[in-house]
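Student:
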Amino acid sequence: MRSEPIRVTRATALKPKPKDSELGFGQIFTDHMFVADFQEEKGWYDPRVEPYGPLSLDPAAAVLHYGQSIFDGLKAFRGVDGKVRLFRPQKHVERMVNSAKRLCIPPIDPALALDSIVTLVGIERDWVPKTVGTSLYIRPTVIANEAFLGVRPAKNYIYFVILSPVGAYYPEGMAPVKILVVDKFVRAVEGGVGGAKTAANYAASLYASEEAKHAGYTQVLWLDGVNRKYIDEVGTMNIMVKIGDEIITPPLAGTILPGVTRDSALALMRTWGLRVSERQVSIDEVQEAHRRGALEEVWGTGTAAVISPVGELAYKGEHMVINRGKIGPLTQRLYDAIVGIQYGGTPDPDGWTVEVR
Ligand SMILES: Cc1ncc(COP(=O)(O)O)c(C=O)c1O
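What follows is the structure in structure tokens.
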């Protein structure tokens, strides 16, 4: 257990807060950030909240050369009752610990990681926007800052948490998106780092998603790296397909990120008595289901959008329009259920939210 208390240094001047209607994603940052350091001899030490500002890094810092870094992303919501709630922060902390292990980064004590988030959001609670759909995005990150150009795990790290008020993902209501299935590029392979939230995965994804955007699609659907056949993820979201009465999502086999929204959607659908399978599903099976009219709904799950309906999948020149390009009933039900819990509008029977006072 951690013993060192969190030191707090307040900013002397506070920034003006934007109007909820002006919020985008990840452009504005709050007045404070959380920081802790790691040295081999000391472990994680000096946990502190300090004014938001630049980090000082040696140009030889390992993260800048070999990308030894991990992060996570979660949100705080201001409920319809005015209370500020985090959505499943323990699950995000657990994933951050697993990402750290995969990147040979000394994991933060989960109690400290949770405390860092709760303490920082508590100090910045006035930054949590009020309009339903808006939220305070939380970005905990660990980077290797040892000044050393050898390829091995670094000996020094910085953990920091920054906060950004973000606008509604769907200011004009949830809208189905067009997705391009790519088989020319892959995001991850079994045995690689696809299951960790690490910078390299996002750098590796840019080329294909830029190509897809230029071709008029919102994002790409990644296929597995070996056979280029089984569906993996959609952009930076997990994917679910409904074929007849079966809802299928790829298993957590190391190539996809274990999404917290994925886990929440699966849990809800199981309590609703639906037939849910975590199994490999090939793009051929999806195409075949579409041809016989059984591909009822497709959606992505992720913290940013919660649920993102897929209206069209393009693969090898074939355009699979799903549910006539409209939001399906299960897609909408999942969105409403999760958003209801996040904003405190509906009961939270499994204790997914943590109130920040
Ligand atoms: C690659 C990738 N897959 C899936 C997800 C969805 O995960 P979560 O539901 O925890 O946000 C994310 C977003 O964090 C992601 O970056």
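For the sequence shown, the numbering used here begins at 751 and goes up steadily by one. Idealized CB from N, CA, C, for every residue including glycine. These figures come from a predicted structure and were not determined experimentally.
1) Bridge partners for P1059 per DSSP, in chain order?
2) For Y795, which residues from the same chain have a beta carbon less than 8 Å from its beta carbon, with the 5 sequence-adjacent residues on both sides left out?
3) By DSSP, does M987 sit in helix, in strand, or in coil?
4) May I ask you to list the residues that DSSP assigns as paired with G793?
5) Could you spell out the range, first to last residue, of the beta strand (DSSP E) harbouring M924?
6) Given that a residue counts as buried once 16 or more other Cβ atoms are within 10 Å of its Cβ, and exposed if not, what is M751?
7) Is P890 helix, strand or coil by DSSP?
8) Cα separation between T891 and I820?
9) Report the three-state DSSP secondary structure of E844 (helix, strand or coil).
10) Once you ignore the five residues that flank S955 on each side, which residues in its own chain have a CB closer than 7 Å to its CB?
11) Heavy atom of ligand 1 less than 6 Å from the Cβ of M987, yes or no?
12) Leaving aside the five residues before and after I1152 along the sequence, list all residues of the same chain whose C-beta is less than 7 Å from its C-beta, in chain order.
13) So what's L824 in DSSP terms, helix, strand or just coil?
14) Evaluate K825 with the Cβ neighbour count: other Cβ atoms within 10 Å of its Cβ, from every protein chain shown; 16 or more gives buried, anything less gives exposed.
15) As a quick exercise: from V1036, K769 and A812, pick the residue whose alpha carbon is nearest that of L748.
16) Would you tell me roughly how many angstroms separate the C-alpha atoms of I893 and R1074, rounded to the nearest one?
17) According to DSSP, what are the bridge partners of W972?
18) Can at least three beta-carbon pairs, one atom from the stretch 865–872 and one from the stretch 831–838, be found at a separation below 8 Å?
19) Touching or not, the stretch 802–810 and the stretch 895–911, by the rule of three or more beta carbon pairs under 8 Å?
20) My guess is that K992 and E940 are in contact by the Cβ rule of under 8 Å, so how many angstroms apart are they, rounded?
21) Could you tell me whether the Cβ atoms of L1018 and A918 are closer together than 7 Å?
22) Check whether the Cβ of G942 lies closer than 6 Å to any heavy atom of ligand 1, and answer yes or no.
23) Could you check the C-alpha separation between R889 and D859 for me, to the nearest Å?
24) Tell me which residues share the same chain as L1084 and place their Cβ nearer than 7 Å to its Cβ, disregarding the 5 neighbours each side in the sequence.
25) Give the DSSP-derived three-state secondary structure of S771 in the structure shown.
26) May I ask you to check if the CB of G776 is nearer than 6 Å to at least one heavy atom of ligand 3?
27) Keeping to the same chain, check which residues put their C-beta closer than 6 Å to that of V1048; ignore five residues upstream and five downstream.
28) Quick check: the Cα distance between A1044 and L864, rounded to an integer number of angstroms?
29) I'd like to confirm the pairing. Which residues does DSSP put opposite V1036 in its beta bridges?
30) Quick one: what's got a C-beta closer than 6 Å to K841's C-beta in the same chain, skipping five residues either side?
31) Quick one: residues in its chain with C-beta nearer than 8 Å to the C-beta of I997, no 5 flanking neighbours on either side, listed in chain order?
32) Could you have a look at A1108 and say whether DSSP puts it in helix, strand or coil?
Tutor: This is what the structure holds:
1) On the sequence shown, residue 1059 is found 309 positions in, with the first residue counted as 1. Answer by DSSP bridge pairing, in chain order: W1049.
2) Within the sequence shown, residue 795 is the residue found at index 45, counting from 1. Once the five neighbours on either side are set aside, the close Cβ partners of Y795 are E754, A786, D787, F788 and Q789.
3) One-based indexing of the sequence shown puts residue 987 at position 237. Three-state DSSP puts M987 in a strand.
4) Taking the sequence shown and counting its residues from 1, one reaches residue 793 at position 43. Per DSSP, Q789.
5) Within the sequence shown, the letter at position 174 stands for residue 924. Counting along the chain, M924 falls outside any beta strand (DSSP E), and DSSP gives it neither H nor E.
6) For this step, residue 751 is matched to residue 1 along the sequence shown. Legend: pLDDT at M751 = 45, less than 50; position of this residue unreliable, value from coordinates given subsequently. Classification for M751: exposed.
7) Within the sequence shown, numbered from 1, the residue matching residue 890 stands at position 140. Looking at P890 - three-state DSSP - the assignment turns out to be strand.
8) For the purposes of this step, residue 891 is taken as residue 141 along the sequence shown, with counting starting at 1. For the purposes of this step, residue 820 is taken as residue 70 along the sequence shown, with counting starting at 1. About 6 Å.
9) Position 94 of the sequence shown holds residue 844. Three-state result, E844: helix.
10) Residue 955 sits at position 205 when you count from the first residue of the sequence shown. The residues are R937.
11) The residue labelled residue 987 in the question sits at position 237 within the sequence shown. For ligand 1, at least one heavy atom lies less than 6 Å from the Cβ of M987.
12) No answer is possible for residue 1152: the residues shown for the chain start at 751 and end at 1107.
13) Translated into positions along the sequence shown, residue 824 becomes position 74. Three-state result, L824: strand.
14) Residue numbering aside, residue 825 sits at position 75 when the sequence shown is read from its first letter. By the 10 Å Cβ count, K825 comes out buried.
15) Residue numbering for the chain in the displayed model covers 751 to 1107; residue 748 lies beyond these limits and cannot be assessed.
16) Counting from 1 along the sequence shown, the entry for residue 893 is found at position 143. Counting from 1 along the sequence shown, the entry for residue 1074 is found at position 324. One C-alpha to the other measures close to 45 Å.
17) Numbered from its first residue, the sequence shown carries residue 972 at position 222. W972 is bridged to V932 and E983.
18) yes
19) yes
20) In the sequence shown, counting from the first residue as 1, residue 992 sits at position 242. In the sequence shown, counting from the first residue as 1, residue 940 sits at position 190. Wrong, their Cβ atoms sit about 26 Å apart, outside the cutoff.
21) By 1-based counting over the sequence shown, the position of residue 1018 is 268. By 1-based counting over the sequence shown, the position of residue 918 is 168. Their beta carbons are not under 7 Å apart, which means L1018 does not touch A918 by this criterion.
22) By 1-based counting over the sequence shown, the position of residue 942 is 192. Answer for G942: no, Cβ out of range of ligand 1.
23) The residue you call residue 889 lines up with position 139 of the sequence shown. The residue you call residue 859 lines up with position 109 of the sequence shown. Approximately 17 Å, taken between the alpha carbons.
24) Reading the sequence shown from its first residue, position 334 is the one you call residue 1084. So the qualifying residues of the chain are A1015, L1018 and I1057.
25) Numbered from 1 along the sequence shown, position 21 holds the residue referred to as residue 771. Three-state result, S771: helix.
26) Absence of ligand 3 is noted for the structure shown, with ligand 1 being the only ligands found.
27) Numbered from 1 along the sequence shown, position 298 holds the residue referred to as residue 1048. Counting only Cβ-Cβ distances below 6 Å, and skipping sequence neighbours, we find V991, V1060 and I1072.
28) One-based indexing of the sequence shown puts residue 1044 at position 294. One-based indexing of the sequence shown puts residue 864 at position 114. Rounded to the nearest angstrom, the two C-alpha atoms are 43 Å apart.
29) Taking the sequence shown and counting its residues from 1, one reaches residue 1036 at position 286. Bridge partners of V1036: none, in fact.
30) Working through the sequence shown from its first residue, we reach residue 841 at position 91. For K841, where only same-chain residues beyond five positions count, the Cβ hits under 6 Å are V1010.
31) Residue mapping note: residue 997 aligns to position 247 of the sequence shown, counting from 1. The answer, listed in chain order, is M990, V991, M1019, L1024, R1025, V1026, S1027 and L1080.
32) Outside the shown range of the chain (751 to 1107) lies residue 1108, about which nothing can therefore be said.
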